[in-house]
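Chemist:
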Amino acid sequence: MKVPPLAVGVGGGLLLVLLLAPATGSALGSLAAARADEAKATAAAAQRPPGPLVAQGLGAGDDPDLLAERIRRRAHDAGVLIEQLRASAGEGGLVRVHLAVSGSEKAVVALADGVERDAVLLRFTRWEITPAQGGSVRLTGDAVAAKR
Numbered sequence: 418m419k420v421p422p423l424a425v426g427v428g429g430g431l432l433l434v435l436l437l438a439p440a441t442g443s444a445l446g447s448l449a450a451a452r453a454d455e456a457k458a459t460a461a462a463a464q465r466p467p468g469p470l471v472a473q474g475l476g477a478g479d480d481p482d483l484l485a486e487r488i489r490r491r492a493h494d495a496g497v498l499i500e501q502l503r504a505s506a507g508e509g510g511l512v513r514v515h516l517a518v519s520g521s522e523k524a525v526v527a528l529a530d531g532v533e534r535d536a537v538l539l540r541f542t543r544w545e546i547t548p549a550q551g552g553s554v555r556l557t558g559d560a561v562a563a564k565r
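Residue numbers (our numbering): 418 to 565.
1. Cα separation between A506 and I488?
2. Distance, Cα to Cα, R491 vs A462?
3. Thinking just about the alpha-carbon of each residue, which of A456, V512, V497, T557 is nearest to the one in L538?
4. Using CA coordinates, which residue listed in A495, R555, V518 is at the minimum distance from R503?
5. Taking the alpha carbon of L528 as the point to measure from, which residue in E508, L556, G509 has its own alpha carbon closest?
6. Roughly how many angstroms separate the alpha carbons of K457 and A451, rounded to a whole number?
7. Let me check understanding here. Comparing Cα to Cα, which of G510, L437, I546 lies closest to S521?
8. Please name the residue in V525, A560, Q464 whose C-alpha comes closest to that of P548.
9. Hey, could you find the ends of the alpha helix (DSSP H) S553 is sitting in?
10. Quick check on DSSP: helix, strand or coil for E545?
11. Could you pull out every residue in the same chain whose Cβ sits closer than 7 Å to the Cβ of L475, ignoring the five residues on either side in sequence?
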């Protein structure tokens, strides 16, 4: 007796379904657990009042000009020329700073490192160091600092 090809295909498909059923069930169970965890985390985040962005004493304050003055003072102490320095209040409790400074490579890198390591939490989001005239370098970049 000859078995029709359709019966062989159906039989093979049913056998494959039986073999893959446990793996599919565990994957669907993991998906349901992950969705439940996500729902719990979303609910918990919605209930918490927003806290400060940074710890006490690490904020830039409410006045962007004070942050600009702090950077100016550091640059002056390091012997670095400030070509541009613009600080402005950004959205979401941030202060945005755009700066362009030039000087010896060692002094410019030390200034950038010192600004980021300062007690005020300030981080460069974009920066570029390029050669300038007379063997000096120019640092241009944008940074953000958290207000209180």
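Where a beta carbon is used, it is the ideal one built from N, C-alpha and C, also for glycine.
Modeler: Answer, in terms of the structure:
1. Distance between A506 and I488, taken at the CA atoms: about 16 Å.
2. Roughly 39 Å separates the two Cα atoms.
3. Selected option, being the one with the closest Cα: V512.
4. For R503, the nearest C-alpha among the options comes from V518.
5. Just measuring C-alpha positions, the residue of E508, L556, G509 sitting nearest L528 is L556.
6. Linking K457 to A451 through their CA atoms gives a straight-line distance of about 10 Å.
7. Closest option to S521, Cα to Cα, is I546.
8. Here the closest residue by C-alpha is V525.
9. From DSSP, S553 is part of no alpha helix (DSSP H); its letter is neither H nor E.
10. In the structure shown, E545 falls within a strand segment according to DSSP collapsed to helix, strand and coil.
11. Any reading at L475 must be qualified, since the residue scores a pLDDT of 48, below 50, and its modelled position is unreliable; the value itself is stated next. Non-local C-beta neighbours of L475 in its own chain, meaning closer than 7 Å and more than five positions away in sequence, comprise A536, V537, L538, ordered along the chain.
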